[in-house]
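Step one of this worksheet: look at the structure below.
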Amino acid sequence: MARWAYVNGRYLPHRQAAVHVEDRGFQFADGVYEVVSLLDGRFADMDGHMERLGRSLTELRMPWPVSPRTLEMIARELVRRNGIMNGSVYIQVTRGVAPRDFKFPADAKPTLVLTAKRVTAFAKPEQLEKGVSVITVPDIRWGRCDIKTVGLLAPVLAKQQAAESGAYEAWMIDADGLVTEGSSSNAWIVTGEGRVVTRPPSNRILNGITRLSLLRLAAARGLPVEERSFTVAEALAAREAFLSSAGTFAMPVTRIDGKPVGDGKPGPVTMALRQAYLDYVAGHGTGSMAETPA
241 MARWAYVNGR YLPHRQAAVH VEDRGFQFAD GVYEVVSLLD GRFADMDGHM
291 ERLGRSLTEL RMPWPVSPRT LEMIARELVR RNGIMNGSVY IQVTRGVAPR
341 DFKFPADAKP TLVLTAKRVT AFAKPEQLEK GVSVITVPDI RWGRCDIKTV
391 GLLAPVLAKQ QAAESGAYEA WMIDADGLVT EGSSSNAWIV TGEGRVVTRP
441 PSNRILNGIT RLSLLRLAAA RGLPVEERSF TVAEALAARE AFLSSAGTFA
491 MPVTRIDGKP VGDGKPGPVT MALRQAYLDY VAGHGTGSMA ETPA
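Residue 533 in the working numbering sits at position 293 of the sequence shown, with consecutive numbering throughout.
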């Protein structure tokens, strides 16, 4: 099946999809994005992603290119055209095309791009059986990590360092020695007392949409939850650790900087929260293929 993309009002063959050379997303990383997973034909947390996209646009003083409802309809149609049941939709909005100048252009029209890709499995069996490893790196990002911008060079460098180290992810460490988050995920631990801990939202982390759902699911199951910072030493002394994102849900972390977490195996709390999230999407996801008009 041919692959399709969406660019500024047009569905195009993926290989033909392009934006202008003076688009400010290309020139200045002056844009924001969201990634929404699709499980069994249903969007995961679409409302949350649309809400966060709106917040990012507001923080950067950018208008919506289309209404949130229209944007969701575009995403559904793109999924239909690509014949995807399990995968993800990437949504990017930039300030638009204008002659290169640092100041905001007066009359630029926002650029809207969507792409979709198929995913055969959101996690490999061995990752769920054995967990994944992370390394720690200094957090060198800018001071507004709460805005989901396309300016991702620092996370790219962190992710590359992780890959070259044979690790799945990099956890970034702030100037106080505390874990902020992963290069493309939020970081969690489960203490020896069974408390689920993750850093509170601030301008130092991206308030993950999957993170918010996991917090609600943990509370609904009576798990004690603490939103606070933690150190690498505390993570290594924890019973469990895991990471979360739109594409990983809850992924067990069993090694940090080569050292085992807990007994070095995925823990029951992590795996229970992962299953709870999958069940939640199955029951509350949006945009099923059955609901998508032909």
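Even for Gly, the Cβ is constructed at its ideal location relative to N, Cα and C. All values derive from a computational prediction rather than experimental measurement.
Same chain only: Cβ atoms within 7 Å of ALA242, ignoring 5 sequence neighbours per side: Taking the sequence shown and counting its residues from 1, one reaches residue 242 at position 2. PRO253, listed in sequence order.
Residues in its own chain within less than 8 Å of PRO303 by CB, not counting five upstream and five downstream? Numbered from its first residue, the sequence shown carries residue 303 at position 63. Hits under 8 Å: LEU297 and PRO350.
Can you name, in chain order, every residue of its own chain whose Cβ lies under 6 Å from the Cβ of ALA402, other than the five neighbours on each side? As a working mapping, residue 402 is identified with position 162 in the sequence shown. Excluding sequence neighbours, ALA402 sits near ILE375, GLU409 and ALA410.
C-alpha distance - ASP414 paired with ILE445, whole-angstrom precision: Indexing the sequence shown from 1 puts residue 414 at position 174. Indexing the sequence shown from 1 puts residue 445 at position 205. Computed Cα separation, rounded: 11 Å.
How should SER423 be labelled, buried or exposed, when 16 other C-beta atoms within 10 angstroms of its C-beta is the threshold for buried? In the sequence shown, the residue the question calls residue 423 occupies position 183. SER423 is buried by the Cβ-count criterion.
With 16 other CB atoms within 10 Å as the buried threshold, where does ASP347 fall? As a position in the sequence shown, residue 347 is number 107, starting the count at 1. By the 10 Å Cβ count, ASP347 comes out exposed.
Hey, out of ASN248, TYR251, GLY249 and ALA407, whose CA is closest to GLY498's CA? As a working note, residue 498 is residue 258 in the sequence shown. Here the closest residue by C-alpha is ALA407.
Buried or exposed for LEU393, going by 16 or more other Cβ atoms inside 10 Å? Taking the sequence shown and counting its residues from 1, one reaches residue 393 at position 153. With fewer than 16 other Cβ atoms within 10 Å, it is exposed.
What would DSSP say about ALA534, mapped onto helix, strand or coil? Translated into positions along the sequence shown, residue 534 becomes position 294. Since pLDDT at ALA534 reaches only 30, below the 50 mark, its modelled position is unreliable, and the value read off the structure follows with that caveat. Three-state DSSP puts ALA534 in coil, outside helix and strand.
DSSP three-state assignment for ASP519, whether helix, strand or coil: On the sequence shown, residue 519 is found 279 positions in, with the first residue counted as 1. In the structure shown, ASP519 sits in a helix (DSSP, three-state: H, G or I).
Under DSSP, the alpha helix (DSSP H) around VAL396 begins and ends at which residues? Here the question's residue 396 lines up with position 156 in the sequence shown. Taken as a continuous stretch (DSSP letters only), the alpha helix (DSSP H) holding VAL396 covers 393-404.
What's the C-alpha gap between VAL247 and ALA363? Residue 247 sits at position 7 when you count from the first residue of the sequence shown. Residue 363 sits at position 123 when you count from the first residue of the sequence shown. Distance between the alpha carbons of VAL247 and ALA363: 30 Å.
On the DSSP bridge assignment, give the partners of TYR246 in chain order. On the sequence shown, position 6 is the one that residue 246 refers to. Partner(s): TYR251 and LEU354.
Here's a check: name, in chain order, each residue in its chain whose Cβ is nearer than 7 Å to the Cβ of PHE482, leaving out the five neighbours to either side. Residue mapping note: residue 482 aligns to position 242 of the sequence shown, counting from 1. Only TRP428, ALA490, MET491, PRO492, VAL493 and THR510 meet the Cβ criterion.
Whole angstroms is fine: what's the gap from MET313's alpha carbon to ALA361's? Here the question's residue 313 lines up with position 73 in the sequence shown. Here the question's residue 361 lines up with position 121 in the sequence shown. When rounded, the distance between both Cα atoms is 25 Å.
Rounded distance between the beta-carbons of GLY432 and SER328, thought under 8 Å: Your numbering for residue 328 matches position 88 in the sequence shown. Your numbering for residue 432 matches position 192 in the sequence shown. Their Cβ separation, rounded to whole angstroms, is 35 Å, which puts SER328 and GLY432 out of contact at 8 Å.
Tell me which residue opens and which closes the beta strand (DSSP E) that GLU433 is part of. Translated into the one-based positions of the sequence shown, residue 433 becomes position 193. It is not in any beta strand (DSSP E) - GLU433 carries neither H nor E in the DSSP assignment.
Three-state class that DSSP yields for VAL359 in the structure shown: The sequence position of residue 359 within the sequence shown is 119, counting from 1. Coil, per DSSP.
Simplified DSSP state of GLY209, which is helix, strand or coil: Nothing can be reported for residue 209: it is not among the residues displayed for the chain, which extend from 241 to 534.
Inter-residue spacing [alpha-carbon to alpha-carbon] between THR532 and SER373: Start at 1 with the first residue of the sequence shown, and residue 532 comes out as number 292. Start at 1 with the first residue of the sequence shown, and residue 373 comes out as number 133. Confidence in THR532 is poor, its pLDDT being 38 and thus under 50, which makes the residue's placement too unreliable to answer from.
Which term fits VAL261, buried or exposed, when burial requires 16 or more other beta carbons within 10 angstroms of its beta carbon? Position 21 of the sequence shown, counted from the start, is the residue given in the question as residue 261. It counts as exposed.
Proximity of GLU480 and VAL521 at Cβ, strictly below 8 Å: Here residue 480 is taken as the residue at index 240 of the sequence shown, counted from 1. Here residue 521 is taken as the residue at index 281 of the sequence shown, counted from 1. Against a cut-off of 8 Å, the Cβ pair of VAL521 and GLU480 comes out as no contact.
Anticipated Cβ contact below 8 Å, VAL436 with VAL465, distance rounded: Position 196 of the sequence shown, counted from the start, is the residue given in the question as residue 436. Position 225 of the sequence shown, counted from the start, is the residue given in the question as residue 465. That pair is a contact at about 5 Å.
Could you give the DSSP three-state label for PHE266: helix, strand or coil? Residue 266 sits at position 26 when you count from the first residue of the sequence shown. PHE266: helix per DSSP, three-state reduction.
Classify LYS343: buried if its beta carbon has 16 or more other beta carbons within 10 angstroms, exposed otherwise. As a first step, residue 343 is located in the sequence shown; it is residue number 103 there, counting from the start. Exposed, by the Cβ-count rule.
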